[in-house]
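> First residue of the sequence shown? That's 514 in the numbering used here, and the numbers climb one at a time after it.
Structure provided below as structure tokens; questions to follow.
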Amino acid sequence: MSAASVTVRAPAKINLHLGVGRPREDGFHPLATVYQAVGLYDDVTATDAEEWSVHTIADAHLDLASVPDDGDNIAIRAGRLLAAHHSIARAAHLEIHKGIPVAGGMAGGSADAAATLVALDRLWSLDTSDDDLLALAARLGSDVPFALLGGTALGAGRGELVTPVEDRTALWWVVVPHEIGLPTPLVYRRFDELASYDPAAGATNSYDVPAGLIDALAAGDVPGVAAALGNDLMRPAYDLRPDLAARHRDLATLGTVLLSGSGPTQLVLAETAEAARRIAVELTERGLPHWLAPAPVAGCHVL
Ligand code: C5P
């Protein structure tokens, strides 16, 4: 008899606005961010097993070299945390199909962790409350609670405190990955070295979420959203990687460009699917790999 299994799909995220403050005592940076879930997905299939194990496969263009295949994998850490929370001695095999760029600033690892929590909760009929799932998610990483939620949300604390916001846009992102990853801690360290926050204000210039962005999202006003996009990590990321600054200028000839989280993935905003396709044709001519992703999309869900 084959073991029962559950598959859960989790979306990538971008930050429409990423305001970063001066580091806290625990080393994390306080964030004032607006997350949006975009239509690139990782699928996690959980199957009962005697021991924990994980196997990852990927779409074309994705480099799996940096994805751990042992207990260090965040999906296994998520599974163990859920089992410990319920004081049960069970294990599972996790099969991850990655469609989200690895180490790309789109929270692919966080998506896997969130999907694993939901998959095992269903597989083992645990009925974990939403509050408990969000709390477990927060322990796994700053972006994991948002992967559960999806849609569009404010993020506070170190990013783990999420509140849904109204988003009536239906837009497309042209996602341009980069073959060389950029570790998040490195970008935050450079942010500190550049003292990108305004010392007088005790936070960054853009630490507050711009009211114009919230209003534009609620009104479905895509040009308004484009005008209010911002990311405090752009400066340190481009300082570390001048090649990304050059590509930003190159992409800016096609539309409004945003660095995704801590990078290196970059995004071009398209108002319609037709506009996204036009940009995609141009990128193909320039020899740059890319994906088209609608937004906003739902959070983790059972397939
Ligand atoms: O929470 P997560 O594991 O995703 O964070 C990865 C790293 O990114 C942290 O170890 C820290 O160096 C940095 N980080 C930060 N401030 C945040 C979120 C992440 O400094 N708010």
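Built from N, CA and C at the ideal position, the CB exists for glycine as well.
When you compare only the Cα positions, how much space is there between L575 and A741?
Rounded to whole angstroms, L575 to A741 spans 30 Å at the Cα level.
> Using only Cβ atoms and a threshold of 6 Å, which residues come within that distance of a heavy atom of the ligand C5P? Order them by chain position.
Result (chain order): F541, H542, L544, G654, S655, D656, R671, G672, T697, P698, Y701.
> Since T797 is in the alpha helix (DSSP H), which residue starts that stretch and which ends it?
Looking at the DSSP string, the run of the alpha helix (DSSP H) that includes T797 is 786-798.
> Would you call the region 612-627 and the region 686-703 in contact, with 3 or more CB pairs under 8 Å?
Contact holds: three or more Cβ-Cβ distances are below 8 Å.
> Which two residues bound the contiguous beta strand (DSSP E) that contains E608?
That run of the beta strand (DSSP E) goes 604-611.
> How many Å lie between L607 and I570 at the Cα?
Cα to Cα, the separation comes out at about 11 Å.
> Is the region 555-571 in contact with the region 779-794, if contact means three or more CB pairs nearer than 8 Å?
Verdict: no, contact absent.
> Rounded C-beta distance between H598 and D640? I'm assuming under 8 Å.
Not really, about 12 Å apart at Cβ, beyond 8 Å.
> With a floor of 4 residues, list each alpha helix (DSSP H) that falls wholly inside the region 540-621, ordered by position along the chain.
Segments of the alpha helix (DSSP H) lying fully in the region 540-621: 587-598.
> Under a three-way DSSP split, which group does H803 fall into?
Of the three classes helix, strand and coil, the one that applies to H803 here is coil, per DSSP.
> Please confirm whether D572 and G612 have their CB atoms less than 7 Å apart.
Yes; because the gap between Cβ atoms is below 7 Å, this pair is in contact.
> For G812, count neighbouring C-beta atoms within 10 Å of its own C-beta (all shown protein chains included) and say buried if the count is 16 or more, exposed if not.
Buried, because 16 or more other Cβ atoms sit within 10 Å of the Cβ of G812.
> Could you check if D634 is buried or exposed, using at least 16 other CB atoms within 10 Å of its CB as the buried criterion?
Counting Cβ neighbours within 10 Å, D634 comes out buried, since at least 16 surround it.
> Where does I587 land, buried or exposed, given buried means 16+ other C-beta within 10 angstroms?
Buried.
> Does I693 come out as helix, strand or coil in the three-state DSSP assignment?
Correct three-state label for I693: coil.
> I need the boundaries of the beta strand (DSSP E) containing P677, first residue and last residue.
That run of the beta strand (DSSP E) goes 674-677.
> Run the CB neighbour count on G540, radius 10 Å, all protein chains shown included, and call it buried at 16 or more, exposed below.
Flag for G540 reads exposed.
> Does the Cβ of G584 have 16 or more other Cβ atoms within 10 Å, making it buried, or fewer, making it exposed?
Exposed, because fewer than 16 other Cβ atoms sit within 10 Å of the Cβ of G584.
> So which of D625, A758, P677 has the shortest CA-CA distance to I727?
Here the closest residue by C-alpha is P677.
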